[in-house]
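Since the structure comes first, as structure tokens, the remarks are kept for the end.
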Amino acid sequence: MSPARHLLRFAGGLYRTARHVAAQTPLRLALFAGLALAAAWPLLSTAASLNEFRDAHVLAHYEIAARESILRWHQAPLWDPYYCGGMYLLGTPQARFVSPTFLLTLVFGETRAEALTAFLMMIVGLEGTFRYARDRGATRFGAVVAAPVFALGGIFATSPSLGWIGFFGFELLPWIALGVRRSLAGDRRAIVLVAAGAAWCVGFGGTYAAPLSAVWCAFEVLEFLFRRKVPLRARGSGLFVAAIGAALAVGLAAVRLWPIADTLAAAPRVIGGTPSNEWSVLVRMFFFPIHPEGDDGEFYVGFFVVPAVLLGLLRRRSSGLAVAAVAFTWLSAGYALHPSLFAALRELPLYTTLRYPERFLILLGLVASVLCALGVSLVEAYARTPHARRTKRRGTAHAVFVVAAVALVVNVGPLVAQHTLHALGRGLGALPDPAPSPDGFHQARGDRWLLDYYEPLDRGSLSCWDAYPVPQSPLLRGDARHEESLSDPHAGTVTATRWSPDRLDYDVSLTRPASLAVNQNWHAGWRTSVGTIRSDRGLLTVDLPAGDHEVSLRFEPRSATGGALASLVAIGSLVVLARRTRRARGRHGERAPVTPREGAILVGLALAPAIPVFATLALVPQKTFVEPPTTPDGRPVVADAIDPAAVRLDATFDDGIELEAATLSDPDPVPGRDVWLELDWRRTARPDPGLGVFVHIEPSSGTGLNGDHVLLSDVLDFDEAPAGKTLRDVIPLYVPDDARGKTWKVWVGLWHVRRGGSRVGVADGGHAQVEGGRVLAVSFVPR
């Protein structure tokens, strides 16, 4: 037998084996586990080491704090006293402990569980991509060889090295898409898939995964609406079933959604800028492997996918995917394309905080994976048809099939190599040795980039960073002898009797009324057994009457209680729905049109989680203490007039905003130190939403600095500011070490944060110099 015939027979055997493996779920999962193991092996082999990258410390801390709350303090993970002076842990958007993978953290600890989570989530993504491609018409073989294109893609290689484990929530995208697709087809069972997948994604810290998955769901709905040959009744029934799935997804995720909504309402995340990506950058991110000095490989799918993708585009049923590919590429370009689809998306409430348009390439990766599956399936099916066997095209079809399939198999090598290169490039260190302080918990100035070392020492870090502006009291101290104190030290005594994250107990003896101050941030969820809780410039404070008191402070936010109850009811609704669907399958099929009686039952199940929400709002009081916003030096942001010593400018901008005055705290600042710049604004009309302030500090020679910001004094938005009042905008400016001998000019203006980034014109410069849509606020020469 010739070598060519031997090779063909061997290739045929491999093909039949691959088809058999793809058809058997246990064998297929074993294959996927092997692929995930190869990709995650560098993480698993170093699982006992600490990732020293700065983001990893912060993002891992939330998981560690949740684990400690349960195992050490036997409490629900609600409050985190170890970071930023105390924050709502359950309401932290980037926390990922409301997820099945948190069980791994409880058993193995955060660092070891992180590697195991990456490994398991890749298996989840591989199986989900396989099933989604199958639902779109791919053969088992086509789906199994194309699944790694998405599930082992570049985002899952880069994320662990940065500590961004929450990005593995994107592995749930094909499952969510599959659930929506089947729901639109009328399959009631898919409601459970949609709700479970979406809730898992939200609970896994899906700050990007969840909203971007919603974009994919919108694509599924639009594709369904434009699909031909769908009867009107079936179209309406499919939309109804999908809506029930979306409602139950919100209910199931309420335990996270309500606390996150509370957090962002108290501290809105406002993102400015006009991020953009040129075509060459997107191509390098998507097709080129890792490069040490660029973004190459960040969303890598591999160049070997091109033949299968081109074949997939030949299929008629791929037209919707082709449109999706164009849309996701358009979104990935950000503001580089005009009109900007990304700018239009940011006008929607859920998407105003997006700032990295290139992350839509993750969705494009799923499109590429499905197109690869469809392309391989196309030539595979054609080669097996009687027509192809009777003509000379059979050899051509076989050759094309082999090239496309082998290219995808070969592509697994570079995909796994990406994971290895990123994992080996991490800076690793030894895990901190837990050594709790004998004198108990104390706040420290800390270092947010070394956060993992503070909690084991029973120390909190007041150095604060997160993706949203954490409300942090300026009265917090890192050098306090005791974490509790009385406003009037001569009024009595206070002694801490119990400390835990969610409960603080004190024995207080007072000869006259006084206030108990706790060295943590105030939150509306704190309750007290005696006295009245209030906020003292953001510090947790309790007003107490005279006498002896056993004061117990408990953190019991309404959103945690109501959200948990809503999620429990949603679980019950899904169990009832699953049982009803199982019984109905034998009678009329799970995709039959929805009857009026069944529709009423589904609506009732979908609305059931709202009952505990309204009940909690009605029965659980929660008073929000609102105090006037203050500047960093403690003065009210809103004033009747400017200070007498301020230098008047009286410049007027087009949007009904006046810059009344500008003042520098030190007219002759010292290099190497901060100086405070105060800008006094006044709103005479309602401006366009989303205004920001840009500050350009330009020296007579050398490189300048920027002080751009959106919130006035970091606390007040122009949209919420009262009209006719002076608005104090106090910001720190750093004077560089080499600033001496130079004249520094501070130029100030307004810009549209979300609408293209254009500057607001200056209508009247008043007493100030005007240049390029900005006014000269102050100038100084460092001494």
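Numbering-wise, the sequence shown is residues 1 to 783 according to the numbering used here.
Ideal Cβ placement from N, Cα and C applies to all residues, glycine included.
All of these numbers come straight from a predicted model, not from anything done at the bench.
Per-residue DSSP class, three states only, for residue i
i	result
Ser-437	coil
Val-281	helix
Trp-522	coil
Trp-164	coil
Leu-37	helix
Asp-536	strand
Thr-652	strand
Gln-443	strand
Val-551	strand
His-752	strand
Gly-586	Because the pLDDT at Gly-586 is just 47, under 50, the model does not fix this residue reliably, and the value given afterwards should be weighed accordingly. Of the three classes helix, strand and coil, the one that applies to Gly-586 here is helix, per DSSP.
Phe-226	coil
Pro-503	The question names Pro, but residue 503 in the sequence shown is Arg. Correct three-state label for Arg-503: strand.
Asp-543	strand
Thr-631	coil
Gly-207	Note that residue 207 is Thr in the sequence shown, not Gly. Residue state, collapsed to three classes: coil.
Val-530	coil
Val-323	helix
Arg-188	coil
Asp-135	helix
Pro-357	helix
Pro-636	strand
Arg-72	coil
Thr-17	helix
Thr-616	helix
Asp-764	strand
Assigned exposure category for residue i - 16 Cβ within 10 Å defines buried
i	result
Tyr-208	buried
Asp-643	exposed
Ile-611	exposed
Val-620	exposed
Pro-259	buried
Pro-782	buried
Trp-279	exposed
Val-710	buried
Ala-265	exposed
His-588	Only weak support exists for where His-588 lies, its pLDDT of 43 falling under 50; the value from the coordinates is given anyway. Looking at its Cβ environment, which holds fewer than 16 other Cβ atoms inside 10 Å, His-588 is exposed.
Asn-51	buried
Asn-277	buried
Thr-511	exposed
Which residues DSSP lists as bridging residue i, in chain order
i	result
Thr-493	Ser-509
Met-87	Asp-80
Tyr-734	Asp-674
Asn-51	Leu-428
Phe-780	Trp-744
Ile-657	Arg-683
Arg-759	Trp-751
Glu-598	Answer is none; Glu-598 lacks a bridge partner.
Arg-696	Looking at the sequence provided, one finds His at residue 696 rather than Arg. In the DSSP output, where bridge partners are listed per residue, His-696 has Asn-706 and Trp-747.
Pro-456	DSSP output for Pro-456 lists no bridge partner at all.
Arg-498	Asp-505
Beta-carbon spacing of residue i, residue j below 7 angstroms
i	j	result
Gly-128	Pro-174	yes
Ala-564	Val-192	no
Val-748	Val-715	no
Gly-205	Arg-96	yes
Ala-639	Ala-777	no
Asp-740	Pro-671	The sequence shown places Arg at residue 740, not Asp. Going by C-beta atoms, Arg-740 is nearer than 7 angstroms to Pro-671.
Leu-679	Asp-633	no
Gly-375	Val-301	no
Ala-517	Leu-539	yes
Ser-487	Ala-524	no
Leu-152	Leu-415	yes
Gln-94	Ala-467	yes
Leu-462	Gly-478	yes
Phe-240	Val-594	yes
Phe-286	Leu-408	no
Expected contact under 8 angstroms - CB spacing of residue i and residue j to nearest Å
i	j	result
Leu-451	Tyr-83	7 angstroms
Leu-475	Asp-536	7 angstroms
Asp-655	Val-494	That belief does not hold up - the Cβ atoms of Asp-655 and Val-494 are roughly 51 angstroms apart, past 8 angstroms.
Ala-56	Asp-80	About 17 angstroms; that fails the 8 angstroms criterion.
Gly-169	Cys-201	5 angstroms
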